[in-house]
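Colleague:
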Amino acid sequence: NIVYVFLILIGLGIVYLNRTFVQDTSVFYGFAENKETEINLDHDVLIERVHVTDGQFVSKGTLLLEVSEPAVGLKLNDVGTDLEALTLKNRTRKLEIEHKIKALEAEKRAKTGETEARIEAAKKEHEFNKSLVKDLPSLSAEMQNGQASPLDIQIEKWRRTLALELEPIEVELRRLRAELSEVTAALEVERKRLQFEQDYYQREAEKQFIVAPADGLIGNVRCKEGEHISKFNTLISFYQRNPTIVKGYVHESLIVHVRVGDTVEVSSSLHPNLTEPGIITGLGFRIVEIPERLRKRPDFKTYGREVLIQIPSRNPFLQKEKVILRLLRTEGLPPKPLLPYLNEQHSATGPAKGAVQIHQ
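Residues 8 to 367 in my numbering are what the sequence shown lists, from first letter to last.
Have a look at this one:
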C-alpha cells in the first residue's frame with residue numbers, strides 16, 4: 008500500500024511539474040527593434056545640401072537632402088528645345104497648308120464670281136433687248152415660243168466651263184485638307200511623346216528633394232555636400248522613432264508551440280507595468296544558432312527557431328530594450344513529455360530552462 012501511495016505521489020508531482028513547465032514555457036524574452044530604412048536613388052547624383060545630422064528626430068515630409076542630376080537637367084532642356092521646335096514646325100507647316108487652301112478658295116470664288124457676273128450681265132442685256140422689241144409682235148412671239156434661247160445656251164456653256172475649271176481646284180483642296188489633318192495628327196503624336204518625356208524628366212527633377220518618409224530618427228548620414236553618389240548607394244539610414252518588431256529564437260527542445268497569428272503580451276523587463284499587444288507574423292524555416300547574448304549559459308551553443316513579432320508603432324519601448332513576452336494563445340496545444348527536456352538539461356549544450364529568447 009505504501010508503494011502505491013508513493014507511486015501516486017510521484018505521478019501527481021510529475022503532473023504538477025509538467026503543468027508548471029508548460030506554463031513557464033509560454034513566457035519568454037526578447038528585444039524590441041526599430042525598423043531601418045535605407046534611402047537611396049536609382050541614378051547617380053551630386054549632393055547639393057544636407058539638412059539633417061545623425062540622431063536627429065524628423066517629422067514626416069521634412070527635407071533631408073537636396074541633390075542634383077546633371078543628366079536629368081540636360082535631358083529636360085533637350086526635350087524642351089525639341090518641343091519648342093516641334094511647335095514651331097507644326098505652326099509653320101499648318102500655316103503653309105492653310106495659306107494654299109485660302110489661295111485656292113479665293114481662286115475658286117474669283118472664277119465663280121467672274122462667271123456669275125458674266126451670266127448676270129448677259130441676263131440684264133437680254134432683258135433690255137426684250138424691252139426694246141416687246142411692241143413688235145413678230146419678234147416678241149419668236150422670243151416667247153418656248154425654245155431655248157441663245158442666252159440660255161451660252162449660260163449653260165459658261166457653267167460647264169466653270170465646272171471644268173473648278174474641278175482641279177476642288178481636287179487640290181481635298182488633298183490639302185487631308186494633308187492638313189494628317190500633318191496635324193502626326194505632329195500631335197510627336198508632341199504628346201515629347202510632352203510625356205518632359206513630364207517624366209520633370210518628375211525626376213522633383214525627386215531631387217529627398218524628404219522623410221515618416222516620423223523617425225536619422226541613423227547615419229552617409230554622404231556630404233559636393234560628393235558624387237552612385238545609384239543605389241545608401242544616402243541616409245532612417246529609423247522609426249519607436250520599435251515595431253521583436254525578433255526571437257524558440258529553443259528547439261522547448262514545448263512551446265507558436266503559430267503565425269498567435270497573440271503575445273509584450274512588457275518591459277525593467278518596467279513590467281508597461282505592456283503592449285503583439286502578433287506573431289513570421290516563423291523561421293530552419294534551425295539556427297541562438298545569439299550568445301540570448302543564451303542562459305553563454306559558453307554553450309544552443310539552437311532554435313526564429314520568431315518575428317509585430318508590435319504597435321506607438322509604444323514605450325526603446326531600441327534593443329529587453330522585453331518579456333507572454334504567449335496568450337495556449338489552449339489546445341499538445342503537451343510534450345517532460346522527461347526529454349529534463350534529460351537535456353544535463354547535456355553539454357543544455358538550453359535555458361523554460362524560456363524562449365528573442366533578439367534582433
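Built from N, CA and C at the ideal position, the CB exists for glycine as well.
If you pair each beta-carbon of the stretch 201-211 with each one of the stretch 79-90, do three or more pairs fall below 8 Å?
Modeller: yes
Colleague: Residue range of the beta strand (DSSP E) that V330 falls in?
Modeller: 329-334
Colleague: Can we say the stretch 235-250 touches the stretch 317-327, given the rule of at least three CB pairs closer than 8 Å?
Modeller: The count of Cβ pairs closer than 8 Å, one atom from the stretch 235-250 and one from the stretch 317-327, reaches three, so the stretches are in contact.
Colleague: Could you tell me the boundaries of the beta strand (DSSP E) in which L224 lies?
Modeller: L224 -> beta strand (DSSP E) spans 223-228.
Colleague: Going by the beta-carbon positions, is the gap between G285 and I318 smaller than 7 Å?
Modeller: yes
Colleague: Could you give the first and the last residue of the continuous beta strand (DSSP E) run that contains P298?
Modeller: Taken as a continuous stretch (DSSP letters only), P298 belongs to no beta strand (DSSP E), as it is neither H nor E.
Colleague: Please tell me whether L111 and I217 are closer than 7 Å, where the distance is taken between their beta carbons.
Modeller: Here L111 is not near I217, since their CB atoms are 7 Å or more apart.
Colleague: Please report the Cβ distance between V34 and I225, rounded to the nearest whole angstrom; I am assuming they are in contact, meaning their Cβ atoms lie under 8 Å.
Modeller: The C-beta distance from V34 to I225 rounds to 36 Å, too long to fall under 8 Å, and the pair is not in contact.
Colleague: One question on the structure: do S75 and Q205 come within less than 7 Å of each other, judged by their Cβ atoms?
Modeller: no
Colleague: In angstroms with no decimal places, state the Cα-to-Cα distance between E179 and L90.
Modeller: 31 Å
Colleague: Where does Q352 land, buried or exposed, given buried means 16+ other C-beta within 10 angstroms?
Modeller: Its pLDDT being 36, under 50, Q352 is placed unreliably by the model, and the measurement read from it follows with that caveat. Sixteen is the threshold: since fewer than 16 other Cβ atoms of the shown chains lie within 10 Å of the Cβ of Q352, the residue is exposed.
Colleague: Can you tell me whether DSSP reads L277 as helix, strand or coil?
Modeller: coil
Colleague: Let me know the beta strand (DSSP E) ranges lying completely inside the stretch 176-262, each 3 residues or longer, listed in chain order.
Modeller: Counting whole runs of 3 or more residues, the stretch 176-262 contains the beta strand (DSSP E) stretches 216-218, 223-228, 243-247, 252-258.
Colleague: Contact between the stretch 111-121 and the stretch 172-186: three or more CB pairs below 8 Å?
Modeller: yes
Colleague: For E88, count neighbouring C-beta atoms within 10 Å of its own C-beta (all shown protein chains included) and say buried if the count is 16 or more, exposed if not.
Modeller: Here residue 88 turns out to be Thr, not Glu, going by the sequence shown. Exposed, since its Cβ has fewer than 16 Cβ neighbours within 10 Å.
Colleague: Where does F324 sit, in a helix, a strand or coil, going by DSSP?
Modeller: coil
Colleague: Could you check where the beta strand (DSSP E) with V34 kicks off and where it finishes?
Modeller: 34-40
Colleague: Assess contact between the stretch 33-53 and the stretch 187-204, defined as three or more Cβ pairs (one per stretch) separated by less than 8 Å. Is contact present?
Modeller: no
Colleague: Could you give the DSSP three-state label for E76: helix, strand or coil?
Modeller: Coil at E76, not helix or strand.
Colleague: Here's the rule I'm using: 16 or more other beta-carbon atoms within 10 Å means buried, otherwise exposed. How should E283 be labelled?
Modeller: With 16 or more Cβ atoms within 10 Å of its Cβ, E283 is classed as buried.
Colleague: DSSP three-state label for P305, please.
Modeller: coil
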